[in-house]
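Beneath this line is the structure, given in structure tokens, with notes to follow.
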Amino acid sequence: MSKEKYFEGVGRRKTATSRVRIYAGDKANMVNGIAVDTYFSSMPAAIDLVIKPFRVTDLEGKFYFSATVSGGGLAAQVDSISLGLARAIYSMDEMLKSPLRKAGLVTRDPRAVERKKYHQVKARKKPQFSKR
């Protein structure tokens, strides 16, 4: 696959990072060398979310993608692949950025877990207070 022409996009969500490459043709979509439906078999709705950028831009049968994902849980990996796929699509054709933005697929979700502070139980939870 290294000789084929591809477009690349990087997606991030929480602690998950994905590098997505889209190729012309009609092959199986792969995540870490495994088919998408096998990789996300525990989350059936995840497959629709991952392929959503293709559906929004009407490129579903014309292109396929290969993604490498690391970190995070499955939900964060789904969102990072979707963002990486959207970025790869609009790097290929800038005119497709507008429909992707209207579908909410271009904006990176900045929410992440807040760090734990010292003298506290969690990020914001404090130990029980005793007056006497």
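Just so we're aligned: the sequence shown equals residues 30 to 161 in the numbering used here.
In this text, a Cβ means the ideal position worked out from N, Cα and C, and glycines have one as well.
Problem set entry | Bounding residues of the alpha helix (DSSP H) (the contiguous stretch that carries valine 98) | By 1-based counting over the sequence shown, the position of residue 98 is 69. Unbroken run through valine 98 is the beta strand (DSSP E), 92 to 99; no alpha helix (DSSP H).
For this session: Following the continuous beta strand (DSSP E) through phenylalanine 83, name the residue where it begins and the one where it ends.
Result: Stepping through the sequence shown from its first residue, residue 83 is reached at position 54. Per DSSP, phenylalanine 83 belongs to no beta strand (DSSP E); it is in the alpha helix (DSSP H), 73 to 85.
Exercise. Proline 82: buried (16+ other C-beta within 10 angstroms of its C-beta) or exposed?
Worked result: As a working mapping, residue 82 is identified with position 53 in the sequence shown. Buried.
Problem set entry | Spatial neighbours of alanine 75 in its chain, beta-carbon cut-off 6 Å, leaving aside the 5 residues before and after | By one-based count along the sequence shown, residue 75 stands at place 46. Only Phe69 and Val107 meet the Cβ criterion.
Exercise. In the DSSP assignment, what are the bridge partners of valine 135?
Worked result: Start at 1 with the first residue of the sequence shown, and residue 135 comes out as number 106. Answer by DSSP bridge pairing: none, since valine 135 is not bridged.
For this session: Count the CB pairs spanning the segment 147 to 158 and the segment 108 to 120 that are closer than 8 Å, and state whether there are at least three.
Result: no
Exercise. When the distance is taken between beta carbons, is valine 49 closer than 7 Å to glycine 38?
Worked result: For the purposes of this step, residue 38 is taken as residue 9 along the sequence shown, with counting starting at 1. For the purposes of this step, residue 49 is taken as residue 20 along the sequence shown, with counting starting at 1. Cβ atoms of glycine 38 and valine 49: closer than 7 Å.
For this session: Report yes if the C-beta distance between arginine 86 and leucine 134 is below 7 Å; otherwise report no.
Result: Taking the sequence shown and counting its residues from 1, one reaches residue 86 at position 57. Taking the sequence shown and counting its residues from 1, one reaches residue 134 at position 105. For clarity, residue 86 is threonine in the given sequence; the question names arginine instead. No, the pair does not count as a contact, with Cβ atoms beyond the cut-off.
Exercise. Would DSSP call arginine 161 helix, strand or coil?
Worked result: Here residue 161 refers to the residue found at position 132 when the sequence shown is read from its first residue. Reduced to three states, the DSSP call for arginine 161 is coil.
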